[in-house]
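Below is one structure; the comments refer to it alone.
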Amino acid sequence: MPRIRMSFAKSIFIIATCGGMWCSASANEVKPSSPIPDAENNKNLEYDDQTFLFQIPRMMDAVPTFLPEQSDQNIVPPTTQTEDSTWTDRQQKSIRHWTQKTANKIDNWFGEPDPNQPASATLRVIIDNSWNKHDGYEIKPRIRGKLKLPTLERKVSLVFGDDSLDNELENNVAITNENPAGQTDKTVDGQRTKDDNGSLALRWSDFSKHIPFETDLDLGVRSGDDIYVRLKAKKDWDLKNDFTFHAEQIYRYGIDSENYLRTNLELVHARPNQPILSNQFNLTYADTQDDDLSWDNFTFRQHQFFHNNTFSYGMYLGGFVNNNDLRLNSYGPFVSWRQPVFREWFFIQGDLNYLNNHRDDRSHFMGALVRLEALF
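FYI, the numbering for the sequence shown is -27 to -1, 1 to 349, going by mature numbering (1 follows the signal peptide of the UniProt record, and there is no 0).
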């Protein structure tokens, strides 16, 4: 008997409800208020200190550690000192200047540029390598670029490359890729790589001052001929006891891919010169995926031993929802390290995990991922 998929309207309701439950934490957002008596104030503070959420950082601080202290010291020279040093540096400089020149040229099409608000360009070139004993070795090249065009009346940018990178949290802790896997008999699937990186769109940012969120509205084409519109809204809240909360809601509709809906949530405890505690959660509905809903959750502690470095370790949980049946499909520990290497524009990230997969009848196994990333 064929499986009856959850309706899109019902999926929207579930995702919105999930986001609303998490966003209810904003009720604790720090806001100015009228003075209250000291006795009542002390009682509230005592109650806050007794809640389980606020006890977690204290418990983590009580655990002995052999790790170095937090630091923001640079370990690589600035680009201004190295851009003419070697052939590789000169190529990076050439590409960086070419993207900037292209941004200026396109910006000129729409009017007289403002010297105080020039066009700008960013480009990420990524090579993701992954290995485990079941799926073997796979390489996935990825690219994502953005040209800001301030001459236009509104905040408009041209974005291109792998649009799935914009669906992730900006500080996503692990190397992830929601695009379909390539052919199992190929280390590099050329056609899959072409489709994944074939997105081109105009982005209209913060299009209304009356909406209490940061917004992006994209209109473009992806995977060759999939014309789509995409809306992203996000907001940050400052909570009590050094906690912050971040929420993102993404909706995309494509002629071929149809409905796509994703919620990203992040709760962070961060104090100056101390490692952070974080929980990153996402919930996804897509007409093109087999499951009604899929979800991932990373709970971790993150250190910074030098500038632009992160060392993270924690627990991953992931699963799906089908016919109102919530399933935990995969879980296990992970560790991640990211740092600049030789130059401040070149990064290496390495992830190790020990996960299982109930659906594929796989007990826990070791997985390794390495990301090489160049910024221009």
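Where is the CB? At the ideal position from N, CA and C, for every residue including glycine.
None of these values were measured; they are calculated from a predicted model.
Given E151 as reference, the closest of P30, L256, A220 once Cα atoms are compared: L256
With R316 as the anchor, note down where its beta strand (DSSP E) starts and where it stops. 316 to 330
Within 10 Å of its beta-carbon, does D87 have 16 or more other beta-carbons around it, so buried, or fewer, so exposed? exposed
Return the residue from the list G118, M288, G109 that minimises the CA-CA distance to T95. G118
Buried or exposed for Q28, please, with buried defined as at least 16 other CB atoms from any protein chain shown within 10 angstroms of its CB. exposed
Would DSSP call S309 helix, strand or coil? strand
The stretch 207 to 220 touching the stretch 169 to 181, judged by at least three CB pairs closer than 8 angstroms: no
Would you call the CB atoms of residue 406 and T55 closer than 8 angstroms? As displayed, the chain neither begins before -27 nor continues past 349, which places residue 406 out of reach and without an answer.
Run through the DSSP bridge pairs and tell me what T95 is partnered with. K119
Let me know if Y201 comes out buried or exposed under the rule of 16 or more other beta-carbons within 10 Å of its beta-carbon. buried
In chain order, what residues of the same chain have a beta carbon less than 6 angstroms from the beta carbon of S44, not counting five sequence neighbours either side? F278, F279
Leaving aside the five residues before and after S6 along the sequence, list all residues of the same chain whose C-beta is less than 7 angstroms from its C-beta, in chain order. In this predicted model, S6 has a pLDDT of only 44, less than 50, meaning its place in the structure is not dependable enough to derive any value.
Excluding five sequence neighbours on each side, which residues of the same chain lie with their C-beta closer than 6 angstroms to the C-beta of N237? L142, E221, N255
In chain order, what residues of the same chain have a beta carbon less than 7 angstroms from the beta carbon of K106, not counting five sequence neighbours either side? F338
Cβ-based neighbour list, V132, same chain, cut-off 6 angstroms, excluding 5 preceding and 5 following: K119, A174, R176
How should P8 be labelled, buried or exposed, when 16 other C-beta atoms within 10 angstroms of its C-beta is the threshold for buried? The predicted position of P8 is uncertain, since its pLDDT is 47 and thus under 50; a value taken from the coordinates is nonetheless stated next. It is exposed - the Cβ of P8 has fewer than 16 other Cβ atoms within 10 Å.
Once you ignore the five residues that flank L325 on each side, which residues in its own chain have a CB closer than 6 angstroms to its CB? V308, A341
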